[in-house]
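Colleague: Supplied in structure tokens, the structure appears directly below.
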Amino acid sequence: MKLGKFAAVAASKIVIAVTFAPAPAAAQSDVFTPPAGCTASVTMQKRGCTVSHLYSCSGDPQGLQWRADFAEDGMTYYGAIDAETQWIESHHLLAGRVERLLPGAADPASLTTLMSTGRDDFDFVTQDDAGYRTRFVGYDRLTGERVTVDGVTLDRTAFDVIATDVDTGAVVWRVTGNEFIQRDWRTFIAGTSRYELPDDVIENDYSPMEFLFPGDEGFLSVHPKYDCGLMISLIPDPLTSQGRL
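Per the numbering used here, the sequence shown starts with residue 272, numbered consecutively.
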């Protein structure tokens with residue numbers, strides 16, 4: 272669950288830069304079309320009835336990348352991370368909520384630190400368009416396990432994150448689980464998670480099943496393939512997602 276090491280001033284400039292990035296158009300066909308000036312690099316078919324597309328846009332800060340998620344009924348999320356996988360901007364479409372990283376994190380997360388030392392701790396705050404601020408404190412750790420999924424090499428991680436309301440200090444949720452990183456793409460990819468909510472516990476599995484690239488059949492498809500139609504309790508993963516990716 273990464274957010275990179277950069278100065279507060281730089282963070283502020285990046286947030287401003289991506290705030291005005293074009294939104295993906297609603298799918299008019301069976302294929303996702305990135306915004307003008309943007310190029311998609313990979314489609315990920317995942318468990319949990321989710322298909323995700325990674326894309327980058329000309330004119331964005333170097334290292335910035337976007338992800339758009341689709342469920343059976345259409346797009347559910349799009350957002351941007353930087354080269355350290357900080358959550359720069361997140362659009363939660365089902366909730367009608369936009370969330371952005373605030374500058375001046377106590378401990379910005381760093382993918383570089385995770386890859387070089389095996390562990391990265393973080394402590395940062397986001398704010399949504401209604402002014403609600405959430406603090407995220409936790410860590411990511413490499414487990415030492417390397418796996419190959421559909422020809423793509425991934426490193427498995429373990430994580431633990433607590434989200435609290437900045438104004439009240441109340442715990443919103445705690446989530447633990449396992450994800451993946453893809454080193455060359457400098458991104459997280461969702462895996463399994465266990466949410467501890469004030470009145471419930473929910474387990475998710477958004478593990479990757481297929482990776483599709485330009486020229487592959489199914490590249491940019493908006494139709495998820497795995498676990499669709501099942502009566503299971505899945506909630507959007509704020510880490511990827513969040514993304515985490």
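Think of the CB as a built atom: it goes at the ideal place given N, C-alpha and C, for glycine as much as any other residue.
Should residue 372 be flagged as near chain E, meaning a C-beta pair shorter than 7 Å?
Modeller: In the displayed structure, chain E is absent; only one protein chain is listed.
Colleague: Assuming residue 389 contacts residue 412 (C-beta within less than 8 Å), just tell me the rounded distance between them.
Modeller: Start at 1 with the first residue of the sequence shown, and residue 389 comes out as number 118. Start at 1 with the first residue of the sequence shown, and residue 412 comes out as number 141. Right, their Cβ atoms sit about 7 Å apart.
Colleague: Once you ignore the five residues that flank residue 353 on each side, which residues in its own chain have a CB closer than 6 Å to its CB?
Modeller: Position 82 of the sequence shown holds residue 353. If we look at residue 353 and ignore the five residues flanking it on each side, its Cβ neighbours are 275, 334, 335 and 359.
Colleague: Please state whether the Cβ-Cβ distance between residue 347 and residue 364 is less than 7 Å.
Modeller: Here residue 347 corresponds to residue number 76 of the sequence shown, with the count starting at 1. Here residue 364 corresponds to residue number 93 of the sequence shown, with the count starting at 1. Taking 7 Å as the cut-off, the beta carbon of residue 347 is found closer than this to the beta carbon of residue 364.
Colleague: Can you grab the Cα-Cα spacing for the pair residue 308 / residue 469, in whole Å?
Modeller: Position 37 of the sequence shown, counting from 1, holds the residue named residue 308. Position 198 of the sequence shown, counting from 1, holds the residue named residue 469. Straight-line Cα distance between these residues: approximately 43 Å.
Colleague: Look at the Cβ atom of residue 491, then the Cβ atom of residue 303, and state whether they are nearer than 7 Å.
Modeller: Sequence index remark: in the sequence shown, residue 491 carries index 220 (1-based). Sequence index remark: in the sequence shown, residue 303 carries index 32 (1-based). In contact: residue 491 and residue 303 (Cβ atoms closer than 7 Å).
Colleague: What are the partner residues of residue 479, as DSSP defines its beta bridges?
Modeller: The count along the sequence shown starts at 1 and reaches residue 479 at position 208. Per the DSSP secondary-structure output, residue 479 pairs in a beta bridge with 317.
Colleague: In whole angstroms, give me the CA-to-CA distance for residue 397 and residue 325.
Modeller: In the sequence shown, the residue the question calls residue 397 occupies position 126. In the sequence shown, the residue the question calls residue 325 occupies position 54. For residue 397 and residue 325, the distance between alpha carbons rounds to 22 Å.
Colleague: For residue 466, collect the residues of the same chain with a Cβ closer than 8 Å to its Cβ; drop the 5 residues on either side in sequence, then sort them by chain order.
Modeller: Within the sequence shown, numbered from 1, the residue matching residue 466 stands at position 195. Taken in chain order, the residues that qualify are 444, 445, 446, 472, 473, 474, 475 and 506.
Colleague: Pick from 306, 300, 338 and 314: whose alpha carbon is nearest that of residue 489?
Modeller: Along the sequence shown, one-based indexing puts residue 489 at 218. For the set 306, 300, 338 and 314, the Cα lying nearest the Cα of residue 489 is the one of 314.
Colleague: Report yes if the CB atom of residue 434 is closer than 7 Å to the CB atom of residue 405, and no otherwise.
Modeller: In the sequence shown, residue 434 corresponds to position 163, counting from 1. In the sequence shown, residue 405 corresponds to position 134, counting from 1. Yes; because the gap between Cβ atoms is below 7 Å, this pair is in contact.
Colleague: So what does DSSP say about residue 382, is it helix, strand or coil?
Modeller: Working through the sequence shown from its first residue, we reach residue 382 at position 111. DSSP places residue 382 in helix when its eight states are reduced to three.
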